[in-house]
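Residue numbers (my numbering), protein chains in the order written: chain V, 102 to 384; chain W, 6 to 722. In this text, a Cβ means the ideal position worked out from N, Cα and C, and glycines have one as well. Owing to the predicted nature of the structure, the values given are computational and were not obtained by experimental measurement. Below you'll find the structure, written out as structure tokens, and then a few comments.
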């Protein structure tokens, strides 16, 4: 904090804090390491704890073969680009449409506001397992069956994003945009030029979350697509687990490839979360 | 706003265009297409497909590989939506279900039955044939030669009694060693590994006409008692953990099939196998075989050509080359196989002495009851007698529960009403909102709501009042509140509900507080905070499947966590196989996988707190803790509300963790509400019942969320 009492107690607490943080860090990184090391192995087994301490012999046995095989097998490249395309479109859709709905839910008063809000929330509370048959029927009626559009369109605006942005807007003092409205700004100007820049941390969260969920999308493509050239990564990864066992090394190699884009999205956008843009904006 | 409206208009136009293009694409297809869905890579069938296409140049084959864990969901959905493929690969229990609901085409007399060595038992109904047997799996007993030597066992057991003695001898080698393996916590494995003993004792679960449950017969009681005795010296756990223990040389014997991968996973192990022994030395015991069939759907428009293709595929497929313990049923294929692999004769011998499930349509429901019975006996929850009586009663209930009362419904009419009512409601809402700019800002959501939410939600609500079965979607009866009343009374639902509440009650407070505290720390001036932030997010981006694999390894009986406990002098814990700990183990995993996510949300919220607030409080000399309570928390209250509501919604719908880790077991200790309803909808085809369970859960979540919203609102004012 601002005032630092530099005494023994302070340093002891700091030390404890670092200790805790480092412990948590180890617990979160270690499965990731197991995944990567397994993906480099040749013998088909999951990497054990002992193998996390590298030896010379251990390095000899590592190779990128699994990655080569994964990329060549089936149409992994196609799955990858399909997923990227769907994720990109869905993320863009959510940035625009979620903030629009969130804006009126946070800033306007209108008849049925509470009902609209509860409808948005309520839709998230129904287990998707009982919805997939009617969704399947619906998508076929709309002639969207076995198209990537069937994976994009239903997700362009999502309750999660609307709720997230509404809550974030609620936390921003209304004084800012009320002043702008008095100066003659329209709603869309207020949203675009005032709230949007302040809400950058939340937008970044929205992007990371939407990219993450769309990247791992599974149930919708499972039922709504069938041809291999419409397949997405989630389905491709599931095929490594067969009736009679799991192909560990290849599935871990495929998972590692699949994680990279999400990691990049996270690293890029986490800067916006932390940049502290509101400093001095509200006085 | 004009810009926006024209954008939306364009979007609609694009949708319309693509719909048109897709339709055109469908109708423009000239070649006749046969859709083929199996659980294997296409390579294994390619030879057969090539032969067929050479003979039939005007045909095309659309191949689809299904994943094992979720393939059935896809099949059921396709049948319900009237978009089933032509040819499908089905296991023996599924065959019975699909035959019962008249989903499959009758292929009696074609092709020649003589071309096959057998395997038609589960594909026959009233003398008619509905599928071609593709392969049968061989289950035999593998044993660890080293342990046998150490326990002074000279020859492999010839009778079940000798098997028991062998197991006892090996158990005496030490606490870490087990004689045999009892597999639990799986909808499939638990009963499949038990029924061979039941059959060897000459027991039979259902009478031949499926009208009586024979669980209380003396044969079955003795088989239960035998299994209980065997369990005393056996390793008890999931299939994966039992295999892991066998690979590590801790198990004397394991009863297993095609999934056991000894060459790859345990290269140093000295092992061999023997056939399951009988009651006396003079005859062999009965093993279990899972037979997979190729079948044609009744709705296919290329039935004759499909059967031709199936016949060729059964002759040419190379599945047995890939997995040696899957034996082909087509004569030529089997001959080729036996020429290449002489040990196949041994497998064929066991297959001859194998049986498969009885072709009763509700077999999976019966087996769920049997699984519970087996688990309660081997986990010492109830004595054999008690478990038997309970199993008999629940199975009898299932057999007698076929009567339907109520009025038959025309689903097309209902769909019409649903659309009409839904659209009227939306129109009313739009008119009532009245405010133009509000409507235009909400329009993307409204369009998406009408197109993609209205029908599925209303349809599923309606279905919850019917006996809707996805395989017979034309034959629907309205049964009022019967589903709801039955669910509330069902002990299994109450157990699942309790599990879900425990999971939610522990995971939310712990996850949210860890996330909040870490977020506050990482918002301070701390060295390497970027590194910490990124690494705490790692579990969130790792897929559930990978997390499950890794935690399975960590939690294993002989895994690293137990090694650590042992090192520090604690008792070892069977994290996933002991009902007491299984739910807690999954909760811990879920907390670990989720806190980074909520931390990120809190970090974003912390950015909106103006620095000035802290500066002024610093002048007053407030401590960090006071700052946290009086400034930080009130300032991010709306985000805390968001996190609590969202995590409540998600935790109460927990499913994936249980699905990939424990399959709801052992003894239903990790069955969540969504797992329960998923099981009803897609394994037992009672989608009406599943929907009713879903809406009971919905009501609970809705009430909780409204309470949460209310609490935060009153504090605000």
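So if I threshold CB-CB distances at 8 Å, which residues from the stretch 351-369 of chain V count as touching chain W?
352, 353, 356, 359, 360, 363, 364, 367, 368
Meets three-Cβ-pair contact criterion under 8 Å: the stretch 178-186 of chain W and the stretch 232-249 of chain W:
yes
Touching by the beta-carbon criterion (3+ pairs, under 8 Å), the stretch 665-682 of chain W and the stretch 511-525 of chain W
no
Under 9 Å between beta-carbons, which chain V residues line up against residue 449 (chain W)? List them in chain order, please.
194, 197, 198, 199, 201, 202, 257, 258
By the DSSP assignment, the alpha helix (DSSP H) with residue 209 (chain V) in it spans what residues?
Careful: residue 209 (chain V) lies outside any alpha helix (DSSP H) and carries neither H nor E.
Whether or not the stretch 337-344 of chain V and the stretch 71-84 of chain W are in contact is what I'm after, with contact meaning three or more pairs of Cβ atoms, one per stretch, closer than 8 Å; do they touch?
yes
Short of 8 Å Cβ to Cβ, which residues in the stretch 127-140 of chain V face chain W?
128, 129, 130, 132, 133, 135, 136
One question on the structure: do residue 50 (chain W) and residue 68 (chain W) come within less than 9 Å of each other, judged by their Cβ atoms?
yes
Count the other CB atoms within 10 Å of the CB of residue 559 (chain W); is the residue buried (16 or more) or exposed (fewer)?
buried
C-beta atoms of residue 147 (chain W) and residue 332 (chain W) nearer than 9 Å
no
Across the stretch 186-198 of chain V and the stretch 36-50 of chain W, are there enough close Cβ pairs to call them in contact, namely three or more that are closer than 8 Å?
no
Any idea which residues DSSP pairs residue 108 (chain V) with across the strands?
Bridge partners of residue 108 (chain V): none, in fact.
Name the chain W residues whose beta carbon is nearer than 8 Å to that of residue 227 (chain V)?
462, 465, 699, 700, 703
Other residues of its chain near residue 260 (chain W): CB distance less than 6 Å, five sequence neighbours each side excluded:
146, 198
As a quick exercise: from W:376, W:308, W:481, W:675, pick the residue whose alpha carbon is nearest that of residue 658 (chain W).
W:675
Which residue spans inside the stretch 663-694 of chain W form an unbroken alpha helix (DSSP H) run of at least 4?
678-687
Kindly list the residues whose CB is nearer than 6 Å to the CB of residue 779 (chain W), restricted to its own chain and excluding five residues on each side of it in sequence; keep chain order.
Shown here, chain W extends from 6 to 722; a query on residue 779 (chain W) therefore has no answer.
Residue range of the beta strand (DSSP E) that residue 140 (chain W) falls in?
137-142
Would residue 183 (chain V) count as contacting chain W if we go by Cβ distances under 9 Å?
no
For residue 240 (chain W), the first and last residue of its enclosing alpha helix (DSSP H):
From DSSP, residue 240 (chain W) is part of no alpha helix (DSSP H) but of the beta strand (DSSP E) over 239-242.
Assign residue 354 (chain W) to one of three DSSP states: helix, strand, or coil.
helix
Strictly by DSSP, which residues pair up with residue 282 (chain W)?
W:289
Would you kindly check if the distance between the Cβ of residue 258 (chain W) and the Cβ of residue 203 (chain W) is under 9 Å?
no
is_contact[residue 209 (chain V), chain W] using C-beta, thresh 9 Å
yes
Excluding sequence positions up to five away, which residues of its chain have a Cβ less than 8 Å from the Cβ of residue 338 (chain W)?
319, 320, 321, 322, 325
Supposed contact pair residue 540 (chain W) and residue 130 (chain V) - C-beta distance, whole angstroms, cut 8 Å:
5 Å
Element boundaries [alpha helix (DSSP H), containing residue 186 (chain W)]
Run containing residue 186 (chain W): none in the alpha helix (DSSP H); it sits in the beta strand (DSSP E), 185-188.
Alpha-carbon to alpha-carbon, residue 188 (chain V) and residue 311 (chain V):
8 Å
Quick check on residue 67 (chain W): does DSSP put it in helix, strand or coil?
strand
Residues near residue 359 (chain V) in its chain [Cβ-Cβ closer than 7 Å; skip 5 each side]:
334, 338
Measure the alpha-carbon distance for residue 748 (chain W) versus residue 451 (chain W) and round it to whole angstroms.
What is shown of chain W runs 6 to 722, which leaves residue 748 (chain W) out entirely.
How about residue 359 (chain W) and residue 143 (chain W): are their beta carbons less than 9 Å apart?
yes
Note down, one range per segment and in chain order, each beta strand (DSSP E) of at least 3 residues found wholly within the stretch 301-380 of chain W.
331-333
Residue 482 (chain W) lies in the beta strand (DSSP E); which residues open and close that run?
481-483
Exposed unless 16 or more other CB atoms sit within 10 angstroms - verdict on residue 208 (chain V)
buried
Reference residue 644 (chain W); option with closest CA among V:245, V:264, V:252
V:264
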